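Engineer: Quick one: structure below, then a few questions.
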Amino acid sequence: MTSTPSALDPAIAARLKRSADGLVPAIAQQYDTGEVLMLGWMDDEALHRTLTTGRATYWSRSRREYWVKGDTSGHVQHVKAVALDCDADTVLVKVDQIGAACHTGDRTCFDADVLPLGR
Numbered sequence: 001m002t003s004t005p006s007a008l009d010p011a012i013a014a015r016l017k018r019s020a021d022g023l024v025p026a027i028a029q030q031y032d033t034g035e036v037l038m039l040g041w042m043d044d045e046a047l048h049r050t051l052t053t054g055r056a057t058y059w060s061r062s063r064r065e066y067w068v069k070g071d072t073s074g075h076v077q078h079v080k081a082v083a084l085d086c087d088a089d090t091v092l093v094k095v096d097q098i099g100a101a102c103h104t105g106d107r108t109c110f111d112a113d114v115l116p117l118g119r
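Written out as structure tokens, the structure is:
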């Protein structure tokens with residue numbers, strides 16, 4: 001993450017409970033169907049960019065840089081709403097997903113490896 005202070009509203013920043021590396025998990029959900037699309041990570045700046053641009057912005061832990069969903073793939077996430085969970089340690093980003101959400105080309109990251117229940 002960058003060493004530059006974020007422009008995230010200080011009241012929001014004060015509420016966030018971050019991991020040791022300064023990140024919070026961000027769940028992307030299709031706004032009109034409730035379909036869970038993917039999990040990304042955000043720091044304060046990524047959340048600020050998401051709130052102010054209307055495009056979902058994440059922190060790539062592997063590339064160590066910000067990425068705006070769809071900038072390279074064309075599979076854009078238009079942000080409709082953002083909420084914190086009750087503990088302020090997870091962000092829910094309700095989006096209108098254009099194309100695939102998963103880097104594999106699937107609509108969602110959660111449909112390829114469904115685990116069996118032991119019932």
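Using my numbering, you'd call the opening residue of the sequence shown number 1 and step up by one each time.
Even for Gly, the Cβ is constructed at its ideal location relative to N, Cα and C.
Everything numeric in this text was worked out from a predicted model, so none of it was measured.
Give the secondary structure of A81 by DSSP, where H, G and I count as helix, E and B as strand, and everything else as coil.
Structural biologist: Three-state DSSP puts A81 in a strand.
Engineer: S6 and D44 look like a contact to me (Cβ under 8 Å); what is the Cβ gap, rounded to whole Å?
Structural biologist: Yes, they are in contact, since the Cβ atoms of S6 and D44 sit about 4 Å apart, within 8 Å.
Engineer: Inspect the beta-carbon positions of L39 and C109 and report whether they are closer than 8 Å.
Structural biologist: Their beta carbons are under 8 Å apart, which means L39 touches C109 by this criterion.
Engineer: Here's a check: name, in chain order, each residue in its chain whose Cβ is nearer than 8 Å to the Cβ of A82, leaving out the five neighbours to either side.
Structural biologist: Reading the sequence as shown, one finds Val at residue 82 and not Ala. These residues qualify, in order along the chain: L47, T50, L51, V91, L92, V93 and K94.
Engineer: Hey, out of R61, L117, W67 and D85, whose CA is closest to I16's CA?
Structural biologist: The residue asked about is misnamed: residue 16 is Leu in this sequence, not Ile. Answer by Cα proximity: D85.
Engineer: With DSSP run on the structure shown, which of helix, strand or coil describes L37?
Structural biologist: Three-state DSSP puts L37 in a strand.
Engineer: Skipping 5 residues on each side, what residues in its chain have a beta carbon closer than 8 Å to that of G54?
Structural biologist: Answer for G54: H78 and V79, listed in chain order.
Engineer: Could you tell me which residues DSSP pairs with R55 in its beta bridges?
Structural biologist: Its beta-bridge partners are H78.
Engineer: In its own chain, which residues sit with a C-beta less than 7 Å from the C-beta of L23, not counting the 5 before and 5 after it?
Structural biologist: For L23, where only same-chain residues beyond five positions count, the Cβ hits under 7 Å are W41, M42, D43 and W59.
Engineer: Measure the C-alpha to C-alpha separation of A112 and D71 and round it to an integer number of angstroms.
Structural biologist: Using only the alpha carbons, I get a separation of about 24 Å.
Engineer: Tell me the residue span of the alpha helix (DSSP H) that contains P10.
Structural biologist: Segment P10 to R15, the alpha helix (DSSP H) holding P10.
Engineer: Ordered along the chain, which non-local residues of its own chain (more than five positions away) have a Cβ less than 8 Å from that of D32?
Structural biologist: Within the same chain, D32 has close Cβ partners D96.
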